[in-house]
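Below is one structure, written out as structure tokens; the observations come after it.
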């Protein structure tokens, strides 16, 4: 870990906002260069204008491609668009609006020209489509690179189901956008966005929170709540929540600064608004004793960080386990058959909690999109992933959002504290007393591009090992047991431990996620054997 991790950012760490925005409008990509092409990851196209990876040409072409894609899909309803507080988000939204309006798309922007969290856009899409005709379904665009550093921009498309588009859609959109750029943007239609409609994202989101969170219990308890938006799009939402419901809730840092000069540096000395990182959250954790519950969100508020007086910043896996145990025992109107959803690299503590409450577990590949069908039809009441992202059903069992909702999970921590009289970290200690105390970590291992490609296609049967850290291997998986989808790597399990390996999309490494219920020393042994097992399988 860097010696500066967790320390306040210095002037030398800050971006030049004027230079960044100038580059957005004035640099033009060459899509023959791989680093300058439109590329959609799990949450849209991301990059920096300074690297000619996120510029006006990119966004104009992507938006035109989205217009063509939604027309081909028969999507004729309104398009909700929102942006976070990154410096590149406002100009990118301007570009998108110019293209959408010129193409005759009915587009709705924030009524107060404010910042819009990702979950608020998802909520708006779901809310509209609940009563819309089949030929009037809405979709959306969120302009955000999530928790990424201040120099980055991001742009993601959410079809009618309210979550980022799947790879079939994004591959088509990216390929078409690159074609448009290579052809000199001749296919792009642009006009001044002078006639757009508005939508009060904040009002509808905040006023309906009582349908999913027991706000009355929080208010009756009188607990003191602190919410740090980390300079992100949730800033006015938290104040609106406090005002609407009369909660003892303080927005501990209402500052919006596109340089994020108030942040403490992450593990690699970068400014990164990750509410699950102890380094990035150091200044928040320092105030833990001032509140019964203290929380943080990333720039678009789809991630959560939970800080308690007795436990500090909770590990995301720990909080997910507590949230699941609490929700499934305090939501009597949820379907009795509703399942628990988790990604394949989330803690096995969740497996044990699900079994103890008599609920079926659905384990899916990495990516929140896999929970969407279940959250829509009510068959999955909770979906969560290890990177501090989750959402769940309303109290009556209907859909809230289909994207990750960091504001929601932060409020849930206050409900848990109010109803049980105990902090989520205290409740997690109860779980460890009952099920064991697992050690969990993620490490990277070097790999060539060829080796990463081999790992991505690896079949579990190619693993020849029979033991993992001295225990018999009970499963070798290349497909998620919850839905049969390829996991893009391999997961190996014993009775008390497991590891999962998958290739990095951006670096010459593969990621090893591992956990052991036998403690830290056994975890190290699992990690060492994981490297050996994977290297043997991919020719390392």
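Numbering (my numbering), first residue to last: 1 to 540. Just so it is clear, CB atoms sit at the ideal spot from N, CA and C, and this is done for glycine as well.
- Proximity of the stretch 508-528 to the stretch 423-433 falls short of the contact definition, fewer than three beta-carbon pairs being nearer than 8 Å.
- Secondary structure of residue 3 (DSSP, three-state): coil.
- According to DSSP, residue pairing for residue 180 in a beta bridge does not occur.
- Selection 104, 241, 254 and 390 evaluated against residue 190 yields 104 as nearest (Cα-Cα).
- Across the structure, residue 259 and residue 468 are spaced so that their CA atoms are roughly 46 Å apart.
- The Cβ atoms of residue 298 and residue 278 do not sit closer than 8 Å to each other.
- Nearest to residue 325 by C-alpha distance, out of 434, 101, 479 and 196, is 434.
- Here DSSP, grouped into helix, strand and coil, assigns residue 56 to helix.
- The C-alpha of residue 472 is placed about 60 Å away from the C-alpha of residue 98.
- Taking 3 residues as the minimum length, the beta strand (DSSP E) runs contained wholly in the stretch 319-385 are 339-343, 361-364 and 380-385, in order along the chain.
- For residue 499, the enclosing beta strand (DSSP E) stretches over residues 497-503.
- Residue 112 counts as exposed, since fewer than 16 other C-beta atoms from the protein chains shown sit within 10 angstroms of its C-beta.
- Using a 10 angstroms sphere on the CB of residue 449, the tally of other CB atoms stays under 16, which defines it as exposed.
- Under DSSP, residue 442 takes part in a beta bridge, and its partners are 513.
- CA-to-CA, the gap between residue 91 and residue 185 works out to about 18 Å.
- Bridge pairing for residue 157: 141 [DSSP].
- For residue 427, the secondary structure class from DSSP, reduced to helix, strand or coil, is helix.
- Using a Cβ-Cβ distance cut-off of 8 Å, the stretch 282-298 and the stretch 371-381 are not in contact, since fewer than three pairs of beta carbons, one from each stretch, lie closer than that value.
- Judged by DSSP in its simplified three-state form, residue 481 adopts coil rather than helix or strand.
- With a cutoff of 8 Å on beta-carbon distance, residue 320 and residue 441 are scored as not near each other.
- Residue 357 counts as exposed, since fewer than 16 other beta carbons sit within 10 angstroms of its beta carbon.
- When DSSP assignments are scanned along the stretch 204-254, the uninterrupted stretches of alpha helix (DSSP H) that are 4 or more residues long and fall wholly within it turn out to be 215-221 and 235-245.
- According to the DSSP assignment, residue 32 belongs to no beta strand (DSSP E), since it is labelled neither H nor E.
- Between residue 494 and residue 486 the beta-carbon gap is near 22 Å, outside 8 Å, which marks them as no contact.
- In this structure, the CA atom of residue 76 is about 11 Å from the CA atom of residue 68.
- In the DSSP assignment, the residues bridged to residue 82 are 142.
- Between residue 423 and residue 309, the C-beta gap is smaller than 8 Å, which places the two residues in contact.
- According to DSSP, residue 493 shares a beta bridge with 475 and 498.
- Taking a C-beta distance under 8 Å as the contact criterion, residue 29 and residue 181 qualify as a contact pair.
- In summary, residue 347 is buried, with 16 or more beta-carbon neighbours lying within 10 Å of its beta-carbon over all protein chains present.
- Per DSSP, the continuous beta strand (DSSP E) segment holding residue 390 begins and ends at 389-392.
- Residue state for residue 135 is assigned as helix, using DSSP reduced to three classes.
- The C-alpha of residue 55 lies about 41 Å from the C-alpha of residue 350.
- Between the alpha carbons of residue 40 and residue 169 lies a distance of about 10 Å.
- Excluding five sequence positions before and after residue 24, the CB atoms of its chain that fall closer than 8 Å to its own CB belong to 49, 54, 55, 56, 88, 91, 92 and 153, given in chain order.
- Three or more Cβ pairs closer than 8 Å define a contact, and the stretch 124-141 falls short of that threshold against the stretch 231-239.
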